[in-house]
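Counted from 1, the sequence shown has number 525 at position 163 by this note's numbering; the numbering is strictly sequential.
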Amino acid sequence: MYDLMGYYNICYLEEEVKRPEYVFPRAIIFSVIGVTLIYAVMNISILGTMPWQEIARSTHVASDMFEQILGRHAAVILTILVIITAYGSTYSLMMSYSRLPFAAARDGFFFKWLGEVHPKKHFPHFSLLLVGAITCVASLFNLDFIIAASLSSRILIQFIGQIVGLTLLRRDRPDMKRPFRMWLYPIPSVIAFFGFSFIFLSSGLEAIGVGIVWMAIGVVLYFRWSSNGRAEAHPA
């Protein structure tokens with residue numbers, strides 16, 4: 363599940379993309395298909411090279427596979443490439459997630475200074491620095507826990523929340539313009555709801571607790587800013 367995360371990051375850049383109603387669905391579909399194919403080919407290659415017992419014990423299975431096929435030097439080179447790729451992936455993540463505090467601050471639901479844009483480069487620099495700082499702190503914790511906790515938080519706050527929000531929006535605002543359409547509604551929503559709920563409930567008590575705590579913090583902060591009259595609608 364974690365390997366497919368990121369397919370939706372382009373959605374955070376809606377105001378910076380031309381024709382998002384055309385670009386977003388294609389970007390998401392092609393990303394999911396592409397990553398699935400790459401992941402399937404990689405796993406088939408590993409299973410065809412190493413016994414499954416050895417795969418289960420390995421903590422760096424791709425490097426072990428290359429070492430068996432091409433030798434230790436190839437394994438070292440692959441490990442370096444994996445590190446560079448992982449480091450490079452933070453570019454898209456930080457670029458997209460920095461738009462969340464920025465949008466919340468701009469609409470009056472977060473600290474005002476996070477809604478500022480760099481005067482010359484025209485990007486949310488303070489929000490980007492905040493996301494970078496959070497990433498640095500998260501890197502100090504156990505990776506498996508960070509993955510499980512971040513996944514459970516996103517499932518509860520983002521994915522399940524979006525499904526519920528979409529259903530309520532279609533019910534309460536049937537006249538609202540919808541540039542993005544869902545085929546066979548509500549079947550995809552129902553399937554996604556139960557699928558994400560299963561993943562959330564099977565992610566472990568600690569990860570579930572983190573997801574609930576983050577959601578509770580978000581709810582408290584939202585109502586705090588709303589009750590203070592600081593929220594202002596931003597024109598689309």
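Just so you know, even glycine gets a beta-carbon here, dropped at the ideal spot from N, CA and C.
All of these numbers come straight from a predicted model, not from anything done at the bench.
Candidates Lys482, Ala418 and His487: which alpha carbon is nearest Trp475's? In the sequence shown, counting from the first residue as 1, residue 475 sits at position 113. Taking only the C-alpha atoms, the option nearest Trp475 is His487.
Please state whether the Cβ-Cβ distance between Ser551 and Ile525 is less than 8 angstroms. Against the sequence shown, residue 551 aligns to sequence position 189. Against the sequence shown, residue 525 aligns to sequence position 163. In this structure, Ile525 lies closer than 8 angstroms to Ser551 by Cβ.
Every unbroken alpha helix (DSSP H) within the region 501–537, with a cutoff of 4 residues, ordered by chain: Listed in chain order, they are 505–516 and 522–534.
On the premise that Trp587 lies in contact with Phe464, defined as a C-beta separation below 8 angstroms, what is that separation, rounded to the nearest angstrom? On the sequence shown, residue 464 is found 102 positions in, with the first residue counted as 1. On the sequence shown, residue 587 is found 225 positions in, with the first residue counted as 1. The C-beta separation of Phe464 from Trp587 comes to about 15 angstroms, leaving the pair out of contact by the 8 angstroms criterion.
Go ahead and pull the three-state DSSP assignment for Met367. What you label residue 367 is simply residue 5 of the sequence shown in a count that begins at 1. Met367 falls in the coil class under three-state DSSP.
Ordered along the chain, which non-local residues of its own chain (more than five positions away) have a Cβ less than 6 angstroms from that of Tyr374? The residue labelled residue 374 in the question sits at position 12 within the sequence shown. For Tyr374, where only same-chain residues beyond five positions count, the Cβ hits under 6 angstroms are Ser458 and Arg461.
Looking only at C-alpha atoms, which of Ser393, Ala418, Trp576 and Leu492 sits nearest to Gly514? Against the sequence shown, residue 514 aligns to sequence position 152. The question names Gly, but residue 514 is Ser in the sequence shown. The shortest Cα separation from Ser514 among Ser393, Ala418, Trp576 and Leu492 belongs to Trp576.
Looking only at its chain, what residues have a beta carbon closer than 7 angstroms to the beta carbon of Pro597, apart from the 5 residues adjacent to it on each side? Here the question's residue 597 lines up with position 235 in the sequence shown. In this predicted model, Pro597 has a pLDDT of only 46, less than 50, meaning its place in the structure is not dependable; the value taken from the coordinates is given anyway. If the five residues before and after Pro597 are omitted, its C-beta is found closer than 7 angstroms to no C-beta atom of its own chain.
Where the alpha helix (DSSP H) through Asp426 begins and ends: Along the sequence shown, read from residue 1 onward, the residue named residue 426 stands at position 64. Asp426 -> alpha helix (DSSP H) spans Val423 to Leu432.
Assuming Gly566 and Ala495 form a contact by the criterion Cβ under 8 angstroms, report the distance between their Cβ atoms to the nearest whole angstrom. Within the sequence shown, the letter at position 204 stands for residue 566. Within the sequence shown, the letter at position 133 stands for residue 495. Contact check for Gly566 and Ala495: beta-carbon distance about 26 angstroms, past the 8 angstroms limit, so the pair fails to qualify.
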